[in-house]
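Working notes, structure below.
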Amino acid sequence: MTVSKTDTVMKLGPCPICGKPGEHSFRPFCSKRCADVDLSRWLSGVYAVPAAEPQEGDEEEFMSPPRAEEA
Ligand SMILES: [Zn+2]
1263 MTVSKTDTVM KLGPCPICGK PGEHSFRPFC SKRCADVDLS RWLSGVYAVP AAEPQEGDEE
1323 EFMSPPRAEE A
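Note that our numbering gives residue 1320 to position 58 of the sequence shown, counting from 1, and the numbers run on in steps of one.
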């Protein structure tokens, strides 16, 4: 038998919000509070920038010549 699962649980990184050791139940955060803080930041960021996606079509125009299908 192995203890790989236990090892994974023990190797949780620090909480990205407060830096405390992460809790498996709230990974990668240390508590529900920190998870909620991160969620609030994430949501506020999304709502603040409704349409900030880069247009991938610009690069495709450069890579594929317009006469490719005609030839
Ligand atoms: Zn935390």
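Just so it is clear, CB atoms sit at the ideal spot from N, CA and C, and this is done for glycine as well.
Relative to ligand 1, even the nearest heavy atom lies 7 Å or more away from the CB of Ser1306. The beta carbon of Ser1287 sits no closer than 7 Å to any heavy atom of ligand 1. Secondary-structure assignment with DSSP links Pro1276 through a beta bridge to Pro1283.
Shown here for Pro1283: same chain residues with a beta carbon closer than 8 Å to its own, the five before and five after excluded, namely Leu1274, Pro1276, Cys1277 and Cys1292 in chain order. Within the model, the alpha-carbon separation for Asp1300 versus His1286 is close to 16 Å.
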